[in-house]
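Step one of this worksheet: look at the structure below.
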Amino acid sequence: MTQHDTMRFKLSLLLRRAWWKGLALFVSLNLLLLSLRHFRHEVPAGGLKVIGYGCQPGFRCGGWADRQKGIVAAFVIAAILGQEFKVSMPTPCDVGFFLSPRGTVDWRLEPGELTGRNVAWWDMTSHVWDDFVQEFLSLEDPLVLFEADYTFIMANMETVHLLRKHRLAQKITWLQELTVPEIYRLVLTELFDLMPGPRVQFDAFRQALPRDVTLVCAQIRVGGTGDTESFNTVEHFQGLASFLAPYNTSAHRLMFTSDNPAMIHHAQSFFPSVAVQMKGPVTHVDRSTGSDVCGGFAHVILEQLVLSTCHVLVISESGLAKIASFIRNTDDNLFIFHDGIVEKFKRENPFPNRRW
1 MTQHDTMRFK LSLLLRRAWW KGLALFVSLN LLLLSLRHFR HEVPAGGLKV IGYGCQPGFR
61 CGGWADRQKG IVAAFVIAAI LGQEFKVSMP TPCDVGFFLS PRGTVDWRLE PGELTGRNVA
121 WWDMTSHVWD DFVQEFLSLE DPLVLFEADY TFIMANMETV HLLRKHRLAQ KITWLQELTV
181 PEIYRLVLTE LFDLMPGPRV QFDAFRQALP RDVTLVCAQI RVGGTGDTES FNTVEHFQGL
241 ASFLAPYNTS AHRLMFTSDN PAMIHHAQSF FPSVAVQMKG PVTHVDRSTG SDVCGGFAHV
301 ILEQLVLSTC HVLVISESGL AKIASFIRNT DDNLFIFHDG IVEKFKRENP FPNRRW
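By full-length UniProt numbering, the letter at position 86 of the sequence shown is numbered 86, and the numbering carries on one by one without gaps.
Structural data, given as structure tokens:
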């Protein structure tokens with residue numbers, strides 16, 4: 001065999017291996033998606049209950065990321081126990097205005113569906129949720145905890161890494177084979193799609209970007225009234241500006257998001273020729289009031305989705321940005337901005353200064 005023939009043989013072997021590896025990955029992913037769409041591992045003799053996420057008027061449910069953590073946790077519990085899953089979130093505006101079911105799990109409540117039914121609303125925020133999870137894990141059959149026809153859980157902490165340790169969870173392939181970031185991505189992208197109005201806004205933003213530019217994004221959490229921790233300040237920003245300086249070219253566009261409009265304006269002033277923005281009011285989903293609350297809710301959903309598409313993503317110690325990195329589905333070009341510095345980050349890493 002000549003040297004040329006040997007090279008051709010090796011190349012052919014590599015291509016065959018790559019093809020089989022790609023096929024195995026494709027089959028594995030589709031099996032995981034199939035198990036998600038048909039997540040009931042057994043149907044209880046007494047019929048199905050509903051275990052869902054609920055945020056009702058008068059409750060402090062947290063921001064969009066807190067609610068996403070609760071949604072994923074409630075979905076995982078419903079999957080483990082083989083029950084139906086629903087979402088009730090009419091505040092500050094009904095989530096159904098902005099999101100619709102994407103897959104086969106229809107999480108919407110029909111009008112009047114709860115009328116005459118035994119419904120429980122559980123406020124499981126903060127450390128109450130930790131206690132519940134430990135009780136859930138200690139029981140052979142945790143379904144005994146859910147006596148009502150419909151149980152809506154309001155939780156705001158990440159506990160998927162614990163819930164999937166239950167004996168019943170061992171039967172669910174995607175809970176065992178995926179990482180926690182991958183579980184979030186799979187559940188959230190399988191449950192939710194944009195409604196037509198927000199979809200038009202998202203598509204318009206993407207289409208307005210010049211062709212062949214690279215989108216670089218930075219999410220800067222400042223914090224405000226109601227936060228028990230401090231985050232980033234204007235004085236910290238110089239460290240981020242220095243990191244982003246190489247991207248200040250015509251081949252790039254920079255998008256800044258923040259919980260503070262003044263911080264967005266400050267950041268854009270450093271990069272006026274390449275800064276882009278998803279237009280909309282900056283509000284807090286749980287704390288803001290007034291005429292902008294619905295627009296603000298839609299805006300934060302859209303901004304998180306845009307962050308998940310960025311080629312370079314700098315997050316801060318924010319659940320919203322971290323979940324965006326989960327949906328983005330890669331650690332490549334992922335960084336974190338904290339204490340005035342920018343450093344490499346991995347989705348499974350904890351934040352430097354706070355829980356999760």
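Where a beta carbon is used, it is the ideal one built from N, C-alpha and C, also for glycine.
A contact between stretches requires three or more CB pairs, one per stretch, nearer than 8 Å, and the segment 166-181 fails this requirement with the segment 93-101.
Closest by C-alpha distance to residue 304, out of 323, 290, 344 and 164, is 323. Annotated three-state conformation of residue 131 is helix, per DSSP. Ranked by Cα distance from residue 316, the options 309, 206, 168 and 339 are led by 339. Taking a contact to require three or more Cβ pairs closer than 8 Å, the segment 235-252 and the segment 209-225 qualify as touching. A straight-line Cα-Cα distance of about 38 Å links residue 110 and residue 220.
Non-local beta-carbon contacts of residue 235 in its own chain, meaning distances under 7 Å to residues more than five positions away in sequence, are absent. In this structure, residue 101 lies away from residue 209, with their beta-carbon atoms at least 8 Å apart. By the CB criterion at 8 Å, residue 306 and residue 255 fall inside the cutoff.
Judged by DSSP in its simplified three-state form, residue 101 adopts strand. Excluding five sequence positions before and after residue 288, the CB atoms of its chain that fall closer than 7 Å to its own CB belong to 296, given in chain order. Residue 54 carries a strand assignment under DSSP once its states are collapsed to helix, strand and coil.
Per the DSSP secondary-structure output, residue 151 pairs in a beta bridge with 51 and 120. The beta-carbon separation of residue 162 and residue 137, rounded to 7 Å, stays under the 8 Å limit for a contact.
Here the alpha carbons of residue 301 and residue 356 stand approximately 20 Å from one another.
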